[in-house]
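Peer 1: FYI, in the working numbering the residues of the sequence shown are -14 to 302.
Note that the Cβ used here is the ideal one computed from N, Cα and C, for glycine as well.
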Amino acid sequence: MKTLLCALLCLLLSGFAAAETWRFAVIGDTPYDDYETSELPRMLDVIAAEHPSFIVHAGDLKASTTVCSDELFRSRRALLDAARVPLIYVPGDNEWTDCRFGLAGGYDPRERLDKLREIFFAEARSLGQPPMALERQAGSYPEHQRWRLGPVLFLTLNVPGPNSNYGNAVEPSAEFLARNPRLIEWLSEGFARARQGRLAGVVIVMQANPSFAHDAKGLAHAGYRQLLDTLRRETVAFPGQVLLIHGDTHWQRIDQPLRNPLNGRPIANFTRLETFGYPFLGWVKVIIDSEHARLFRFEVRAYGERSNVWQRYRGGR
């Protein structure tokens, strides 16, 4: 009898050991104004108290009309670097492509992107305390980053809204023509590594909303077309689950908007998570559960004095 009980206990304990979970947090499109600048450090403390492995910031760490000065970049670096867990940041359009506009200082976008690389991406590690080692794409795009958490590969892409800096002319901008092949290469290489390692999931973090609704109608934006085609092809061929995290359009949501062109149906192993965005502050906890039917589970957390307004606004949509 004792032998049977011991065997059952060992079996039960082995089951608990196999059911592993990991957690990370998602923010983006913040801080935009004085309120968010003062509250974001407090929200980062709230997030850290729940012990995520890291935080990802999906870009736009200032308003588009805020001047893109070196001083502003350094102050934002200090704010994010003070997080009490590792923090991985992805560039957004507000801090480089939109810097061309007068209210943002009338800068050359490529020069501002180089400054972001100097301030945020000089070393192969995250922001936050303690920093976490990251793999970087070789060459001129250190903002393309990669790392692992449990059975999931994470990678970041520099894809700014609107339209990935394709430009307003019929011909794409020179900057887009140089960057787009590298980000497609980084995306495809990430999926190849995940397949080779027999990983359960891939998470992609970028800033732009690639307009899935237009893509589903055959009207993909020129700057996103190859990206979405590659993402669709790689997701269909991948046996695990894929999570795309982005910001840009300031409407927090979790859905399945990527469609199979053969039947028009959502691709079952693809999920999109859009971050909170100004004027609403908040974050999303993502739980990776190796024993759950769906690898990714989500807990949405509105934060601060505007959270009640967000709840009413969301309920009215």
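Residue 283: which of 273, 291 and 292 sits nearest, CA to CA?
Peer 2: When only C-alpha atoms are compared, the closest one is 273.
Peer 1: Just checking: is the beta-carbon of residue 214 within a distance shorter than 8 Å of some beta-carbon in chain C?
Peer 2: Reference to chain C is not applicable here, since this structure consists of a single protein chain.
Peer 1: For residue 68, which option in 177, 295, 38 and 121 has the closest C-alpha, if you only look at C-alpha atoms?
Peer 2: Closest option to residue 68, Cα to Cα, is 38.
Peer 1: Within its chain, find whatever has a CB closer than 8 Å to the CB of residue -9; leave out the 5 residues flanking it on each side and keep chain order.
Peer 2: Residue placement at residue -9 is poorly supported in this model, since its pLDDT is 45, which falls under 50; the coordinates still yield a value, given next. Within the same chain, residue -9 has no close Cβ partners at all.
Peer 1: Using three-state DSSP, classify residue 41 as helix, strand or coil.
Peer 2: Residue 41 falls in the strand class under three-state DSSP.
Peer 1: Excluding the five sequence neighbours on either side, which residues of its own chain have a C-beta within less than 7 Å of the C-beta of residue 213, listed in chain order?
Peer 2: The residues are 195, 200 and 205.
Peer 1: My output table needs one value for residue 33: the three-state DSSP class, helix, strand or coil.
Peer 2: Helix, per DSSP.
Peer 1: For residue 261, collect the residues of the same chain with a Cβ closer than 6 Å to its Cβ; drop the 5 residues on either side in sequence, then sort them by chain order.
Peer 2: Once the five neighbours on either side are set aside, the close Cβ partners of residue 261 are 237 and 267.
Peer 1: Do you know whose CA, among 77, 251, 164 and 280, lies nearest residue 184's CA?
Peer 2: Taking only the C-alpha atoms, the option nearest residue 184 is 280.
Peer 1: Can you tell which of 47, 182 and 40 has its C-alpha closest to the C-alpha of residue 18?
Peer 2: Selected option, being the one with the closest Cα: 47.
Peer 1: In the DSSP output, what is residue 284 paired with across the bridge?
Peer 2: Partner(s): 270.
Peer 1: Tell me, which residues are paired with residue 72 by DSSP?
Peer 2: Answer is 40 and 112.
Peer 1: Under 8 Å, do residue 120 and residue 107 count as touching if we go by C-beta distance?
Peer 2: Result no, Cβ atoms of residue 120 and residue 107 do not sit closer than 8 Å.
Peer 1: Please state if the CB of residue 243 and the CB of residue 255 are separated by a distance shorter than 8 Å.
Peer 2: For residue 255 and residue 243, yes; Cβs fall inside 8 Å.
Peer 1: Could you compute how far the alpha carbon of residue 60 sits from the alpha carbon of residue 53?
Peer 2: When rounded, the distance between both Cα atoms is 11 Å.
Peer 1: Roughly how many angstroms separate the alpha carbons of residue 49 and residue 22, rounded to a whole number?
Peer 2: If you take the alpha carbons of residue 49 and residue 22, they lie about 15 Å apart.
Peer 1: Where does the unbroken alpha helix (DSSP H) through residue 198 begin, and where does it stop?
Peer 2: Segment 197 to 201, the alpha helix (DSSP H) holding residue 198.
Peer 1: How is the beta strand (DSSP E) around residue 261 delimited, first residue to last?
Peer 2: Segment: none, residue 261 is in no beta strand (DSSP E) and carries neither H nor E.
Peer 1: Please return the same chain residues whose Cβ sits closer than 6 Å to the Cβ of residue 88, not counting the five positions on each side in sequence.
Peer 2: Result list for residue 88: 50, in chain order.
Peer 1: Rounded to the nearest angstrom, how far is the Cβ of residue 75 from that of residue 190, given a contact under 8 Å?
Peer 2: Contact holds; Cβ gap of about 5 Å.
Peer 1: Could you check the C-alpha separation between residue 229 and residue 91 for me, to the nearest Å?
Peer 2: Answer to the nearest angstrom: the Cα atoms are 32 Å apart.
Peer 1: When you compare the CB positions of residue 45 and residue 78, do they come within less than 8 Å of one another, or not?
Peer 2: Their beta carbons are under 8 Å apart, which means residue 45 touches residue 78 by this criterion.
Peer 1: Using a 10 Å radius around the Cβ and a threshold of 16 neighbouring Cβ atoms, would you call residue 31 buried or exposed?
Peer 2: With fewer than 16 other Cβ atoms within 10 Å, it is exposed.
Peer 1: Out of 288, 145, 29 and 116, which one is the CA nearest neighbour of residue 132?
Peer 2: Nearest option by C-alpha distance: 116.
Peer 1: Determine which residues share a DSSP beta bridge with residue 229 and list them.
Peer 2: Bridge partners of residue 229: 189 and 257.
Peer 1: Going by DSSP in three states, residue 119 sits in which element: helix, strand or coil?
Peer 2: In the structure shown, residue 119 sits in coil (DSSP, three-state: anything other than H, G, I, E or B).
Peer 1: Tell me the residue span of the beta strand (DSSP E) that contains residue 133.
Peer 2: From DSSP, the beta strand (DSSP E) with residue 133 extends over 130 to 134.
Peer 1: Residue 10 bridges to which residues according to DSSP?
Peer 2: Residue 10 pairs with 40 and 270.
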